[in-house]
Amino acid sequence: MDLSIFLIQCLNALQYGLLLFLVAMGLTLIFGIMGVINLAHGSFYMAGAYMAYALAPVVESTVGGGFFSVIALGVVIAVLLGYFLEWAFFSFLYDREHLQQVLMTYGLILVFEELRSILVGDDVYGVQAPEWLSGTIALGDVMSYPHYRLFVSAVCLVLSLGLYLVLTRTRLGMMIRAGSSNREMVQSLGIDIKLLYRIVFAAGVAMAVFAGMIAAPISSVYPGMGNQVLIICFVVVVIGGIGSVQGAFLAALLIGVVDTFGKVLLPEFAGVLVYVLMAVILLWKPNGLFKAG
Amino acid sequence: MRYLSKHTFVIGSFMVLALFPLTASTYGMDLVSKVMIYAILALSLELLVGSTGLVCFGQAAFFGIGAYSVVLLSPMSQGASLLWSLPVAMLMAAAYALFVGALSLRTKGVYFIMVTLAFSQMAYYVVHDTDIGGGTDGIYLYFRPELPGIIDLDQPVQLYGLILGSLVLSFSWLALILRSRFGRALAGIHANEQRMRATGFSTYPYKLAAFVISGAIAGLSGFLFAVKDGFVNPEMLSWHLSGSLLVMIILGGLGHLRGAVIGAFAFTLLEEFFKSEAIFHTAAKHWHLGLGLSIILSVVLLPKGLVGIPEQLSNWVSGRKTTRATAGKQ
Chain A
12 MDLSIFLIQC
22 LNALQYGLLL
32 FLVAMGLTLI
42 FGIMGVINLA
52 HGSFYMAGAY
62 MAYALAPVVE
72 STVGGGFFSV
82 IALGVVIAVL
92 LGYFLEWAFF
102 SFLYDREHLQ
112 QVLMTYGLIL
122 VFEELRSILV
132 GDDVYGVQAP
142 EWLSGTIALG
152 DVMSYPHYRL
162 FVSAVCLVLS
172 LGLYLVLTRT
182 RLGMMIRAGS
192 SNREMVQSLG
202 IDIKLLYRIV
212 FAAGVAMAVF
222 AGMIAAPISS
232 VYPGMGNQVL
242 IICFVVVVIG
252 GIGSVQGAFL
262 AALLIGVVDT
272 FGKVLLPEFA
282 GVLVYVLMAV
292 ILLWKPNGLF
302 KAG
Chain B
3 MRYLSKHTFV
13 IGSFMVLALF
23 PLTASTYGMD
33 LVSKVMIYAI
43 LALSLELLVG
53 STGLVCFGQA
63 AFFGIGAYSV
73 VLLSPMSQGA
83 SLLWSLPVAM
93 LMAAAYALFV
103 GALSLRTKGV
113 YFIMVTLAFS
123 QMAYYVVHDT
133 DIGGGTDGIY
143 LYFRPELPGI
153 IDLDQPVQLY
163 GLILGSLVLS
173 FSWLALILRS
183 RFGRALAGIH
193 ANEQRMRATG
203 FSTYPYKLAA
213 FVISGAIAGL
223 SGFLFAVKDG
233 FVNPEMLSWH
243 LSGSLLVMII
253 LGGLGHLRGA
263 VIGAFAFTLL
273 EEFFKSEAIF
283 HTAAKHWHLG
293 LGLSIILSVV
303 LLPKGLVGIP
313 EQLSNWVSGR
323 KTTRATAGKQ
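Going down the list, the protein sequences come from chains A and B. Just so we're aligned, residue 12 is where the first sequence starts under our numbering, counting upward by one. Just so we're aligned, residue 3 is where the second sequence starts under our numbering, counting upward by one.
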């Protein structure tokens, strides 16, 4: 493997890992704080990708287009959607058993998947990257790397840093971290836990949708994309340790590296490598790399 | 509802299933055979999830291993003997369960769910990406296993009988297990594992034994599935099946063996219902929507699953009686 290929794979691994982190972050917070195993989280990623495809013409005709207006509109819809879903489907489930919640979110996956099929259809679509990012950067003599992928990595990095600052430096972040380690105590200190739940859920949905939207030009948009990402994100969440944001970050990058280099070096074992990694890590550390709290 | 005890319900249901071939079409027989195989598989998972509290997300691997064993071990020119092919399929699945259980029982909760998923995905990729089982295309079973002169599984009625017999035996065996000292220990582990350890039970061997038994029964259902369809493919080991199985037993009602059977029937028949073009015409291709909404509705209305309906009904009736009685007093 020569240097430029190695570099390109490193960049790919970084970009994939960061994208996974955005989705897994919502999942780990929703699980860590609300105690809900949300199987429908992958559907939000899918919804984001389809929004990037379907909203573009609408935005084009009203405000005259623009990649960022599409994303902004998508994120606003996502926050509203998350707020509504938490209110309508999750808020009465908190005292039920975990497995009842699993059943509910499984039902939601089926509903989302079918609504997508009714609204947009079952075809695979491509989404154009914005024009000013469609160029490539030269790496060595023959290889090149698309600007858009670099842009995605940069955006994810900035967003992750922002989230880190919100979680560690603000009052809201403090409440979220406290809720993650001891729910009853937070409640007894007079913090409105219901509102906190709703904010966390809406933020998690928004991040998954955002990740789906910026991933759309790279991965194209296809049915079932949500389920694929869901399982990998669960792997990220448990490897990192449930509820731990640093853990999820590290695990996402680890999965990015293993998956990307696995596909290049051991193509016949690429699929299974991620699971072997998870099994080994959990047998070594049964509570994930970072235990939350 | 009080008069319909759970024993009469179970025995009655099995009798209805036994009489079903007298009236059924080929399609009906095939559908009910498929559902009964899923019911056996769901029972095996119920032993882990409902009775012991171990949420296993990799049951499809044991199912698939049972199915692939019979196909790969059958001779090319004739059917294998039922006498050894059935036990071998169960043994192979149980052996993998022993391996998976021994390692994954070190973890707990969601971590356990994900480790069992990981091991089932490994089995999935082995048959999916290598040539031992025909890769992604799957592989055919040319001759069904047989017991010359006694059992000929090419006869649909005999095949149906074998499947029904397996279901009844699995159900009874599990019912006996759960009433034994071993089953009581599993119930104790489900309720409070720490306290069980404090009372002097080493819980790990109990959980491992439950895992192996569950794997063997799942292997049995995989064997039956391969024999019924004469075909296996990697999708039998996919996590989608493991997920659907969990949905079946939760829908039916956890903590009851009959819940697993009821759940398997309800889930598969709901799916067939929403897929039916005769009822829904062109909307039938969007059958996921109906299935998903019914599942959500069941979560909202039936917190104890389908098994809990009689109790909910009688509570509702007696609740109305008491309100009427108190209203009369005033």
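Every residue, glycine too, gets a C-beta built ideally from N, C-alpha and C. Since this is a predicted model, take the numbers as computed values, not measurements.
Query	Result
C-alpha distance - residue 126 (chain B) paired with residue 140 (chain B), whole-angstrom precision	12 Å
Counterpart residues of residue 344 (chain B) in DSSP-defined beta bridges	Coverage of chain B is limited to positions 3 through 332, which leaves residue 344 (chain B) absent and any answer about it impossible.
Contact set between the segment 282–297 of chain A and chain B, restricted to residues whose Cβ is under 8 Å from the partner	282, 283, 286, 287, 289, 290, 293, 294, 297
Beta carbon of residue 220 (chain B) nearer than 7 Å to that of residue 95 (chain B)	yes
Nearest candidate by alpha-carbon position, reference residue 163 (chain B), set B:314, B:22, B:319	B:22
Short CB-CB distance (under 7 Å) between residue 70 (chain B) and chain A	no
Neighbour flag for residue 29 (chain A) against chain B, beta carbons, 7 Å	no
Close Cβ partners of residue 22 (chain A) (< 8 Å) along its chain, the five nearest in sequence each way excluded	156, 160, 161, 164
Against chain A: residues of the segment 107–122 of chain B by CB proximity under 8 Å	108, 109, 110, 112, 113, 116, 117, 119, 120, 121
Runs of alpha helix (DSSP H) lying entirely within the segment 208–279 of chain B, each at least 4 residues, in chain order	241–254, 259–277
Nearest-angstrom Cα separation, counted from residue 217 (chain B) out to residue 61 (chain B)	8 Å
Chain B contacts from the segment 233–249 of chain A (Cβ-Cβ distance under 9 Å)	238, 242, 245, 246, 248, 249
Assumed close pair residue 187 (chain A), residue 200 (chain A) - CB separation to whole angstroms, cut-off 8 Å	With a Cβ gap of about 14 Å, residue 187 (chain A) and residue 200 (chain A) do not count as contacting.
Cβ of residue 98 (chain B) within 7 Å of any chain A Cβ	no
Contact with chain A by residue 294 (chain B), beta-carbon distance below 7 Å	yes
Residue 72 (chain A) versus residue 132 (chain A): straight-line alpha-carbon distance, rounded	22 Å
Length of the line joining the Cα atoms of residue 252 (chain B) and residue 101 (chain B)	26 Å
Residues that DSSP places opposite residue 156 (chain A) in a beta bridge	A:148
Inter-residue CB distance, residue 218 (chain A) and residue 36 (chain A) (contact presumed, cutoff 8 Å)	6 Å
Cβ distance (whole Å) where residue 45 (chain A) is taken to contact residue 212 (chain A) below 8 Å	7 Å
Within chain A, the residues that residue 241 (chain B) reaches when beta carbons sit closer than 7 Å	242
Three CB pairs or more closer than 8 Å across the segment 216–231 of chain A and the segment 56–76 of chain A	yes
Residues sharing a beta bridge with residue 232 (chain A), DSSP	A:136
Buried or exposed by the 16-neighbour rule on C-beta atoms within 10 Å, applied to residue 35 (chain B)	buried
Coil, strand or helix - residue 39 (chain B) by DSSP	helix
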